[in-house]
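Written below as structure tokens is the structure these notes are about.
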Amino acid sequence: MTDLRELYQEFIVENAKSPKNFGPLPSATHHADGTNPLCGDKVTLHLELDGDKIKDARFEGCGCAISTASASILTESVKGKTPCEAETLFDEFQQSLTNDAHQPNLDLLGNIQVLLGVKEYPMRVKCATLVWHTMRAALKNSAAPVTTE
Ligand code: ZN
């Protein structure tokens with residue numbers, strides 16, 4: 002278990018240090034901004050929808066290691082998915098983080114499961130879910146900025 006935890010931590014640190022899909026996305030069709038005032042995390046998510054598929058996803062902003070790693074993993078995870086599938090992924094992630102009775106579906110979560118360790122730290126849960134809330138707003142093309150507060 003400890004080994005696994007260390008592995009997870011390494012993966013998070015790696016994604017935080019050199020995040021994937023970081024930067025602007027000129028072809029984006031959907032955007033949203035999110036902030037987590039509690040920690041100071043800020044994220045702007047860009048999505049490019051092609052038909053009913055998320056063709057590309059990139060993000061900008063600055064935040065703590067957890068929020069940056071989460072955004073990096075999200076952008077990797079939602080590519081090629083439909084908005085509905087991305088929502089399902091978010092629901093599963095959120096349930097796994099906040100509902101003790103819920104048995105996480107690790108097959109569905111894939112790499113996202115490395116972030117489940119933040120469950121023990123309620124403040125960190127907001128860092129991990131910020132970009133997901135932002136994705137939900139982006140898919141709705143909601144102009145209102147997202148905040149975890
Ligand atoms: Zn944070």
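Numbering of the sequence shown is given in my numbering, commencing with residue 2 and proceeding in unit increments. Here a beta-carbon is modelled for each residue, glycine too, at the ideal position from N, C-alpha and C. Small disclaimer: the values here were computed from a predicted structure and weren't measured.
| Check | Outcome |
| --- | --- |
| Those runs of the alpha helix (DSSP H) which lie wholly inside the region 71-125 and span at least 4 residues | 84-99 and 107-110 |
| Alpha-carbon to alpha-carbon, residue 133 and residue 121 | 19 Å |
| Check whether residue 90 and residue 113 have beta carbons under 8 Å apart | yes |
| Those residues which DSSP pairs with residue 1 across a bridge | The displayed coordinates of the chain run from 2 to 150. Any statement about residue 1 would go beyond what the structure contains. |
| First and last residue of the uninterrupted beta strand (DSSP E) at residue 29 | From DSSP, residue 29 is part of no beta strand (DSSP E); its letter is neither H nor E. |
| Endpoints, the beta strand (DSSP E) within which residue 62 is located | 54-63 |
| Contact test: residue 37 Cβ vs the ligand ZN heavy atom, cutoff 7 Å | yes |
| Close-in-space but distant-in-sequence residues of the same chain around residue 20 (CB under 8 Å, 5 per side omitted) | 60, 69, 70, 72 and 73 |
| Residue 118: CB within 7 Å of a non-hydrogen atom of the ligand ZN | no |
| Range of the contiguous beta strand (DSSP E) that encloses residue 43 | 42-51 |
| Beta-carbon proximity list for residue 9, same chain, < 7 Å, skipping 5 on both sides | 115 and 118 |
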